[in-house]
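Residues in the sequence shown are numbered from 4 upward in steps of one, following the numbering used here. To start, the structure under review is shown below, and the notes come after it.
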Amino acid sequence: MFFISIGLILILGFFIGFILEKTHIPGFIGMIILGFLLGPTVLNIISPDLLNISSELRQIALVIVLTRSGLNLNLKKLKKVGRKAILMCFLPATFEIVAVGISSHFLLNLSWFEGFLLGSVLGAVSPAVVSPRMIKLIDEGYNKNSIPEIILAGASADDTYTIILFYAFLGIVEGGKFNFISVSLIPVTILSGILLGLLMGILLICIYKKTNFKLVINILIFLSFSLLLFGLEELLKQYFSISSLLAIMVMGMVLLLKLPQKAKGISDGYNNIWKFFEIILFVLVGAAVNFKYVIDSGLLGILVVLIGLFFRSIGVYLSVIGGKLKFKEKIFCIFAYLPKATVQASIGGIALSNGLDCGGIVLAIAVLAIIITAPIGGILIDVFGKKWLYQDKVK
């Protein structure tokens with residue numbers, strides 16, 4: 004039953020995604036619906052053994068997404084727009100987390116920290132929707148003011164920032180009281196992730212320079228390093244806090260800086276790996292959804308999502324204000340920061356699997372956010388990217 008489940012998920016997920024992409028609707032919306040239909044709530048076809056490891060599979064998918072982002076971030080160009088890129092890493096997410104935390108407390112009767120836990124789930128932009136589109140705009144030369152690179156860098160670091168906050172709030176909710184140590188370790192977690200990524204990036208460069216492996220071996224080496232970093236975070240989390248996801252992204256950025264051709268080949272290979280994990284990720288998150296919670300949250304849940312998006316948009320605008328950017332370019336940045344999918348799919352079910360009372364509502368609203376924002380944001384990026392951005396050079 005395990006292998007039948009994987010086969011059905013891949014075949015049906017691919018065709019549903021392919022059909023929806025032809026209509027400019029992100030394919031993973033169909034994959035989530037497919038997962039719901041195949042999952043325990045409806046047809047109950049997916050093997051329990053597969054569902055039991057869905058959390059680990061979702062985490063691997065997140066590693067692959069952030070790796071692709073790191074391998075496409077040009078540090079030299081980012082230096083020219085440093086302030087905007089840095090602010091985009093945390094300011095929009097902070098605005099949204101605070102807005103969702105406050106509004107969900109009053110509208111959904113969540114405790115303050117449960118509300119901020121929900122905010123940290125919703126606060127991340129989706130690399131699965133945003134990154135491929137920004138990479139495509141860069142490849143086609145629509146990068147005159149480095150807007151796609153600003154968004155790519157900001158979105159990737161934004162994910163890391165919100166995930167770190169998520170686990171901090173998760174610990175507070177599970178412990179039942181505010182833990183100042185968990186919150187104070189956030190800067191340490193970020194800094195240690197950057198340093199570890201630099202060290203691993205340098206080590207990878209040494210390996211690649213002294214060897215002449217085929218592309219597939221280089222990809223496997225990079226993936227192995229990424230998984231080791233992820234496991235290292237789990238191993239050390241009781242003693243020292245690091246962000247393996249940030250380290251993985253920085254590792255890719257270092258490789259791109261020093262060995263751009265090698266980084267490009269590995270990035271292309273990761274694009275193919277992502278096609279597999281994209282289907283697995285979104286079908287399994289759909290299978291985990293109990294639509295009872297979605298219905299129960301109803302219009303108030305939608306309102307919480309919209310309030311969060313409104314304040315997030317203010318944060319984006321404040322991040323890119325000033326400089327040479329035109330008004331329509333700033334609005335495009337707001338559009339590009341709307342989609343939610345990957346992180347919500349990866350961590351949205353953790354509160355539920357950990358047995359928290361708020362777990363069902365957190366997962367339900369995470370799914371609502373995906374369904375509302377992913378297709379709208381993806382379509383807005385596709386429509387206005389080439390209309391509102393300026394070409395630097397055509398490749």
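Virtual Cβ for every residue (Gly too), placed ideally from N, Cα, C.
Cβ atoms of residue j and residue i: under 8 Å apart, would you say?
i	j	result
L78	L260	yes
S114	V307	no
F338	I384	yes
L249	G200	yes
V319	F39	no
V128	K327	no
S300	L371	yes
S246	I167	yes
F335	W391	yes
F2	M254	In the structure as shown, the chain starts at 4 and stops at 398, and residue 2 therefore has no counterpart that could be examined.
A354	C361	yes
L120	V191	no
S258	I305	A small correction: the amino acid at residue 258 is Leu; Ser does not occupy that position in the sequence shown. Against a cut-off of 8 Å, the Cβ pair of I305 and L258 comes out as no contact.
G388	L341	no
E152	L76	yes
L155	T345	no
E281	A131	yes
I need the boundaries of the alpha helix (DSSP H) containing residue i, first residue and last residue.
i	result
G363	G362 to W391
D142	P130 to D142
N112	Per DSSP, N112 belongs to no alpha helix (DSSP H) and is neither H nor E.
L341	Here L341 belongs to no alpha helix (DSSP H), and DSSP marks it neither H nor E.
M4	Per DSSP, M4 belongs to no alpha helix (DSSP H) and is neither H nor E.
P263	P263 to A290
I222	L218 to L239
D52	P51 to N55
K212	I189 to K213
S246	From DSSP, S246 is part of no alpha helix (DSSP H); its letter is neither H nor E.
D161	I150 to G178
I350	T345 to I350
Taking the alpha-carbon positions, what's the residue i to residue j distance?
i	j	result
G352	L218	35 Å
K398	I141	No answer about K398 holds up, because its pLDDT of 45 lies below 50 and its placement is not dependable.
E99	F216	45 Å
P263	K240	33 Å
I220	G196	25 Å
G272	L111	44 Å
L54	G325	48 Å
G126	A96	5 Å
L194	F93	14 Å
I56	E237	16 Å
G268	S134	17 Å
I49	I12	8 Å
S244	I298	38 Å
A290	I7	16 Å
Any Cβ of chain C within less than 8 Å of the Cβ of residue i?
i	result
K295	In the structure shown, chain C does not exist; there is a single protein chain.
query: Is it true that the stretch 148-161 meets the stretch 69-78, where meeting means three or more beta-carbon pairs spaced less than 8 Å apart?
result: yes
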